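With this note's numbering applied, the sequence shown corresponds to residues 7 to 216, in that order.
Read through the structure below, which is laid out as structure tokens, and then see the notes.
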Amino acid sequence: MSSGYIDVGVLPAFLGAVVVLMVVPGPDMAFMVATGLRDGRRAAARAAFGITAGVSVYVVLTALGLGALLAAMPQVGDVIRLCGAVYLGCLAWTTWRSAGAPVAVDAAPQPRAFRRGFLVNLSNPKILLFFTAFLPQFLGDAAANPALQLLLLGLLLQVTGLVVDLVTGQLAGAVRERVLERPRVRTAFERLAATVYGALAAALVADSLR
């Protein structure tokens with residue numbers, strides 16, 4: 007059955023697959039935990055919207071058919087990954103150095119948190135390749151406009167991912183608030199966040215060298 011824009015018959019399978027994908031720990035979830043532990047709940051919320059904005063870019067590129075172009079030109083993806091690795095490496099370094107410094111609850115500049123989420127997501131072009139392989143599987147046979155269907159499926163994916171990221175960030179931020187008065191524990195959490203950023207940077211470098 008088609009609603010004119012999307013085949014509703016594929017929605018249960020699509021949403022089920024998306025939920026499974028979103029709850030499995032990955033780079034975005036690790037970043038959200040690190041952000042919540044480092045900067046608090048409000049910053050984590052901004053970071054979640056930044057991640058969603060990054061996902062929207064890749065959804066649009068998928069609908070435009072640019073995933074195949076990236077697959078044919080892997081060097082472009084390598085450059086994007088390396089730029090992202092440099093950014094995450096710098097973030098890891100500054101986070102490690104500032105660990106334990108006196109801060110107020112949710113003291114991180116909010117626009118910076120959004121930008122971090124956006125850039126971290128955008129620095130992983132494997133998302134575009136994944137969307138190119140994943141989303142078309144759920145195009146309905148009655149689709150008159152496959153590109154529009156891809157955009158709508160991508161929108162559903164973004165909303166689901168945003169909810170998961172928000173919950174993850176809020177839980178991590180709540181943990182941070184409970185340890186603000188315990189400098190040693192807070193320092194350990196912030197250095198854990200720095201380690202996560204560094205691990206994400208290393209993963210991007212490893213992907214670009216394959």
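C-beta atoms are modelled at their ideal positions from N, C-alpha and C, and glycine is treated no differently.
Only a predicted model underlies this, so the values are computations on that prediction, with no experimental measurement involved.
Would a C-beta distance cut-off of 7 Å place residue i and residue j closer than the cut-off?
{"i": "residue 134", "j": "residue 156", "result": "no"}
{"i": "residue 44", "j": "residue 183", "result": "no"}
{"i": "residue 54", "j": "residue 171", "result": "yes"}
{"i": "residue 193", "j": "residue 138", "result": "no"}
{"i": "residue 35", "j": "residue 175", "result": "no"}
{"i": "residue 101", "j": "residue 205", "result": "no"}
{"i": "residue 52", "j": "residue 119", "result": "yes"}
With DSSP as the reference, identify every bridge partner of residue i, one or two as the case may be.
{"i": "residue 1", "result": "Here the chain has residues from 7 to 216 only, and residue 1 is not among them."}
With a CB to CB cut of under 7 Å and the five nearest residues on each side skipped, what residues in its chain are close to residue i?
{"i": "residue 93", "result": "125, 129"}
{"i": "residue 86", "result": "129, 131"}
{"i": "residue 59", "result": "124"}
{"i": "residue 114", "result": "Note that residue 114 has pLDDT 48, beneath the 50 cutoff, so the model's placement of it is unreliable and the number below is only indicative. Within the same chain, residue 114 has close Cβ partners 45, 46, 49."}
Would you identify the three-state DSSP class for residue i, choosing helix, strand or coil?
{"i": "residue 111", "result": "Since pLDDT at residue 111 reaches only 48, below the 50 mark, its modelled position is unreliable, and no value is offered."}
For residue i, which residues from the same chain have a beta carbon less than 8 Å from its beta carbon, with the 5 sequence-adjacent residues on both sides left out?
{"i": "residue 112", "result": "With a pLDDT of only 48 at residue 112, under the threshold of 50, the placement of this residue in the model should not be trusted; the figure read from the coordinates follows. Taken in chain order, the residues that qualify are 45, 46, 47, 48, 49, 179."}
{"i": "residue 19", "result": "144"}
{"i": "residue 70", "result": "153"}
I'd like the list of long-range same chain contacts for residue i, defined as Cβ closer than 6 Å, with 5 residues on each side in sequence excluded.
{"i": "residue 91", "result": "207, 210, 211"}
{"i": "residue 24", "result": "163, 166"}
Quiz item: Whole beta strand (DSSP E) runs in the stretch 16-47 with 3 or more residues, listed along the chain?
Solution: none
Exercise. Return the chain-ordered ranges of every alpha helix (DSSP H) run that is complete within the stretch 45-82 and spans a minimum of 4 residues.
Key: Within the stretch 45-82, the complete alpha helix (DSSP H) segments of 4 residues or longer fall at 47-69, 73-78, listed in chain order.
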